[in-house]
Amino acid sequence: MSQLRLELAAFRDGVLEGAGLAAGDVVLDVGCGTGLIGFDALDRLGPDGRVIFSNVSLDVLDECRRTASGDGRCSFVIASADDLVGIADASVDVVTTRLVLIYSDRKAAAFAEFFRVLRPGGRISLFEPINRFVERLRPDGLFGIGNSPVNDLIAKVADVYRGTTKETT
Numbered sequence: 083m084s085q086l087r088l089e090l091a092a093f094r095d096g097v098l099e100g101a102g103l104a105a106g107d108v109v110l111d112v113g114c115g116t117g118l119i120g121f122d123a124l125d126r127l128g129p130d131g132r133v134i135f136s137n138v139s140l141d142v143l144d145e146c147r148r149t150a151s152g153d154g155r156c157s158f159v160i161a162s163a164d165d166l167v168g169i170a171d172a173s174v175d176v177v178t179t180r181l182v183l184i185y186s187d188r189k190a191a192a193f194a195e196f197f198r199v200l201r202p203g204g205r206i207s208l209f210e211p212i213n214r215f216v217e218r219l220r221p222d223g224l225f226g227i228g229n230s231p232v233n234d235l236i237a238k239v240a241d242v243y244r245g246t247t248k249e250t251t
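Residues in the sequence shown are numbered from 83 upward in steps of one, following our numbering.
The structure is reproduced here in structure tokens:
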């Protein structure tokens, strides 16, 4: 198995383990992509569980629909993470997402939507990367750019990243 496939499987397993799935749960897989999380969740939910596959792309949802091959435990909704139109209030037990919020400019709205659709006692399990490259590997550089003719620009970007820039008028 390729390194990428191993990493994707680890992300999927981590999200599903963090979800605390129980037989019969209803899972909303936000930004489902090709269904990596949702289809594996079905195996864990048993015959009474359901997965709602949600994505902004109709083409992606059509691919999931083909993979589902008519499995009645699957439904498909075109919606963005920050506007889960078509999903009723308090209708799901678990919201999962992988590599979705990193692309959203409206993260607070997305979390508000997650909480809106969750039943009381519902759970959210997600995987989102946090970029610590600058601080960990080159605290005085910018993505590997150390001493260079653009040190003044690097210092400005680093100040913004660290939140130390003062506004000037």
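Idealized CB from N, CA, C, for every residue including glycine. Keep in mind it's a predicted model, so treat the numbers as computed, not measured.
Beta-bridge pairing of THR116 - partner residues as DSSP gives them: According to DSSP, THR116 bridges with nothing at all.
Length-filtered (4 minimum) alpha helix (DSSP H) runs lying within the segment 115-190: 118-127 and 140-150
Coarse secondary structure for ILE208, derived from DSSP in three states: The residue you asked about is not Ile; residue 208 is Leu in the sequence shown. It is a strand residue.
CA-to-CA distance, GLY203 to ASP141, given in whole angstroms: 33 Å
Cβ pair ARG180, ILE119 closer than 8 Å: yes
GLU195 and ASP165 closer than 8 Å at C-beta: yes
Per DSSP, the bridge partner or partners of ASP111: PHE135 and THR178
Between the CA atoms of ALA192 and ASP241 - distance to the nearest angstrom: 28 Å
Neighbour-count burial assignment, ILE134, 16 or more Cβ in a 10 Å radius: buried
Cβ neighbours of ALA92 in the same chain (closer than 8 Å, five flanking residues each side left out): none
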